[in-house]
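Right, one structure below, let's go through it.
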Amino acid sequence: MVAQAPAIASISNEEYIRLYKGGLIPLKVCLASLVWVLHDYLVTLEDEVRYIWPQKRSFGRFMFLWIRYYTIGLVAAFNGVLFAISIGLFLWIMIVNAMNRGRLIATAIHLPIPGCPAINGGTQWAQWIPAAAFELVLVEALVIPLAFLVVSRDDGAHNLAPNRSSDVYPGEVRTREEKEMRRGQNPSSSSWW
1 MVAQAPAIAS ISNEEYIRLY KGGLIPLKVC LASLVWVLHD YLVTLEDEVR
51 YIWPQKRSFG RFMFLWIRYY TIGLVAAFNG VLFAISIGLF LWIMIVNAMN
101 RGRLIATAIH LPIPGCPAIN GGTQWAQWIP AAAFELVLVE ALVIPLAFLV
151 VSRDDGAHNL APNRSSDVYP GEVRTREEKE MRRGQNPSSS SWW
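According to the UniProt record's numbering, the stretch in the sequence shown is residues 1 to 193, in order.
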């Protein structure tokens, strides 16, 4: 005999309250995260207006504004498009399942419990694939750049404190000769190949 979930009528008020409060946790975390991001933006906006906006057009100003605004817009647009696609695919699969449900129940009428809610069809599991693909793309957008960052580091790149004898950071190498001298090689004896 298969164990079934408890009927809704058998759940106590305390259980309803516990489930309701548990459902509010993600909403509160998202709200706190949004407030934190907005707070950081608004706190640094005064410095941006004072120091960045009055500057003449320069590469530094362009890069600051590019990183601050274009990146936010790009991430929002990218997430919005992927989210809209995943919602559209979810709804499409759900509508196809709903349209086929009547035919499925009609073919299952000979079963002991006709019209049982457990008769969902063979493709209802596919409703969650678009959302899972959306989340996978978001995780890959974070993990792949971090993996390249970790793999591409040289031996001296882990210490990013400024070198007091020059303006070059220990992880920064300006020429091939400097890189070879750091590794203890003779610059003239090694080749690019």
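In this text, a Cβ means the ideal position worked out from N, Cα and C, and glycines have one as well.
As the structure is a computational prediction, the values presented were derived from the model and not from experiment.
With DSSP run on the structure shown, which of helix, strand or coil describes residue i?
i: P145; result: helix
i: K28; result: helix
i: D47; result: helix
i: W128; result: helix
i: W53; result: coil
i: G23; result: helix
i: L42; result: helix
Taking the alpha helix (DSSP H) that residue i belongs to, which residues open and close that run?
i: residue 260; result: For the chain, the structure presents residues 1 to 193; residue 260 sits outside this window and is missing.
i: T107; result: 71-107
i: P61; result: In the sequence as presented, Pro is not what sits at residue 61; that position holds Arg. R61 -> alpha helix (DSSP H) spans 59-65.
Determine, using beta carbons only, whether residue i and residue j come nearer to each other than 8 angstroms.
i: A131; j: S86; result: yes
i: F134; j: L82; result: yes
i: I52; j: R61; result: yes
Check the C-beta distance from residue i over to residue j and give it rounded, since I have them as a contact under 8 angstroms.
i: M94; j: Q127; result: 6 angstroms
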